[in-house]
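Asker: What follows is a single structure, and I will ask about it in a moment.
Number of protein chains: 2
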Amino acid sequence: MIHSMSTDLIQRLRLAGYKITPPRLAVLEVIQREGEHLNPQEILEQAQMIHAQTGRATVYRTLELLTQLGIVRPIYVGDNGPTYIRADGAHHHLVCSRCGRIVEFDACDADSMGCELETRFGFRITSHLLEFYGICPQCQATDASCSAETMADLPD
Amino acid sequence: MIHSMSTDLIQRLRLAGYKITPPRLAVLEVIQREGEHLNPQEILEQAQMIHAQTGRATVYRTLELLTQLGIVRPIYVGDNGPTYIRADGAHHHLVCSRCGRIVEFDACDADSMGCELETRFGFRITSHLLEFYGICPQCQATDASCSAETMADLPD
DNA sequence: CTCTTTAATGAGAATTATTCTCATTTGCTC
DNA sequence: GAGCAAATGAGAATAATTCTCATTAAAGAG
Ligand SMILES: [Mn+2]
Ligand SMILES: [Mn+2]
Ligand SMILES: [Zn+2]
Ligand SMILES: [Zn+2]
Numbered sequence: 020m021i022h023s024m025s026t027d028l029i030q031r032l033r034l035a036g037y038k039i040t041p042p043r044l045a046v047l048e049v050i051q052r053e054g055e056h057l058n059p060q061e062i063l064e065q066a067q068m069i070h071a072q073t074g075r076a077t078v079y080r081t082l083e084l085l086t087q088l089g090i091v092r093p094i095y096v097g098d099n100g101p102t103y104i105r106a107d108g109a110h111h112h113l114v115c116s117r118c119g120r121i122v123e124f125d126a127c128d129a130d131s132m133g134c135e136l137e138t139r140f141g142f143r144i145t146s147h148l149l150e151f152y153g154i155c156p157q158c159q160a161t162d163a164s165c166s167a168e169t170m171a172d173l174p175d
Numbered sequence: 020m021i022h023s024m025s026t027d028l029i030q031r032l033r034l035a036g037y038k039i040t041p042p043r044l045a046v047l048e049v050i051q052r053e054g055e056h057l058n059p060q061e062i063l064e065q066a067q068m069i070h071a072q073t074g075r076a077t078v079y080r081t082l083e084l085l086t087q088l089g090i091v092r093p094i095y096v097g098d099n100g101p102t103y104i105r106a107d108g109a110h111h112h113l114v115c116s117r118c119g120r121i122v123e124f125d126a127c128d129a130d131s132m133g134c135e136l137e138t139r140f141g142f143r144i145t146s147h148l149l150e151f152y153g154i155c156p157q158c159q160a161t162d163a164s165c166s167a168e169t170m171a172d173l174p175d
């Protein structure tokens, strides 16, 4: 079993009283190297490349566990099912209601807001998600360039 | 068919080329009077109080349609499935990763950020969702009051 | 108001995603 | 290395969502 998992995360599992097992290491590793938001099926497939016997149920169980420990977090984009990301760091999306297009943006002054909220509500905050919903430029163009009546193709 | 649906919303449907039907009016009305985030099952049940024959598939189809039109929007809280809300207005949540507790808060300076983003990306923005993730005061207390080793009850 | 066209509907089947069950295995402590 | 509870994987069971298709009815024309 080769793995390059951060000792820190392994410690967090161990200290919380959980056993360090190959499937857990595999799932953890898959999400750590995350360049994408992966769904449970994809996480299963990737985990199986690390530990071939990994079972589907265990992936679900591990995701639930890691979520409770605040290590990962489900994120929902459009009407796709849940995908999982590391629970640290922020996510900032512009979401088009019409076509589902997602644009990511960076700058965000939510962190200062987060500090106030920590004081006010006593939460210990580790990350945030900020999503703006609207219509993307492309869809605006489509809407504008033709009246609804003449758009035979709009309703499916 | 008694309904108190805003003429405006009905116009939006009509202009987009869709027919005004009892199930659509029913679903629309249920979400308009929303005091809660309702899931598809609950929306079906409520819609059936308005139009008894409303079918499940139609509720799903209508929710998809209204989402595309930017009238409603799915929102995911904890690991419950999707629930639907009006697409206008903002939502602000503090979410506890450990126990799933949700606290809503009001003040939010995301709107000004929204304006900048409209300029920068050309989106027409209608609403936003801002969620902070962390550990709630209660769960912090639990974690602190006993060391992991002695907490026989932590791992299920 | 009646007719025609075609989108929309509801029932139920089919599919997909998630959770549960239980016999077996395996980390971890001593 | 032995003992024990936690964890696992296979597959069954369940829940959520989508699809199919015969039927209905909204909208527009006349
Ligand atoms: Mn993202
Ligand atoms: Mn809310
Ligand atoms: Zn778009
Ligand atoms: Zn909590």
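These protein sequence lines map, in sequence, to chains A and B. The opening residue of the first sequence carries number 20 in our numbering; numbering runs sequentially from there. The opening residue of the second sequence carries number 20 in our numbering; numbering runs sequentially from there. Backbone N, C-alpha and C define an ideal beta-carbon position, used for all residues, glycine too.
1. Taking only beta carbons into account, state which residues of the segment 136-156 of chain B come closer than 9 Å to chain A, listed in chain order.
2. Could you have a look at I62 of chain B and say whether DSSP puts it in helix, strand or coil?
3. Give a yes or no on contact between the segment 79-91 of chain A and the segment 104-120 of chain A, applying the rule of three or more CB pairs nearer than 8 Å.
4. By Cβ distance, which residues of its chain are closer than 6 Å to L34 of chain B, with the 5 residues on each side in sequence left out?
5. At 8 Å on the CB atoms, spell out the chain B contacts of L47 of chain A, in chain order.
6. Taking 7 Å as the limit between beta carbons, can you name the residues of its chain near Y79 of chain A, skipping five residues before and five after?
7. On the three-pair Cβ rule with 8 Å, is the segment 25-39 of chain B touching the segment 145-161 of chain A?
8. For chain B, check one thing: does any of its Cβ atoms lie closer than 8 Å to the Cβ of A71 of chain A?
9. Show which residues of chain B have a CB atom less than 8 Å away from the CB atom of A15 of chain A.
10. Could you work out which residue in B:Q51, B:Q159, B:I39, B:E53 is closest to S116 of chain B when comparing CA atoms only?
11. Which bits of chain A does P93 of chain B rub up against, with CB to CB less than 7 Å?
12. Kindly provide the ranges of any alpha helix (DSSP H) runs that are 4 or more residues long and lie completely inside the segment 82-157 of chain A, ordered along the chain.
13. Is the beta carbon of C127 of chain B within less than 7 Å of some heavy atom of ligand 3?
14. Along the segment 59-89 of chain A, what residues have a CB closer than 9 Å to any CB found in chain B?
15. What residue range is occupied by the uninterrupted alpha helix (DSSP H) comprising E48 of chain B?
Answerer: Put simply:
1. L136, E137, R139, F140, G141, F142, R143, I144, T145, S146, H147, L148, L149, E150, F151, Y152, G153, I154, C155, P156
2. helix
3. yes
4. none
5. Per Cβ cutoff of 8 Å: no residues; L47 of chain A is ~16 Å from chain B at best.
6. P59
7. no
8. no
9. This structure cannot speak to residue 15 of chain A, because chain A is shown only from 20 to 175.
10. B:Q159
11. D98
12. 129-140
13. no
14. E83, L84, T86, Q87, L88, G89
15. 41-51
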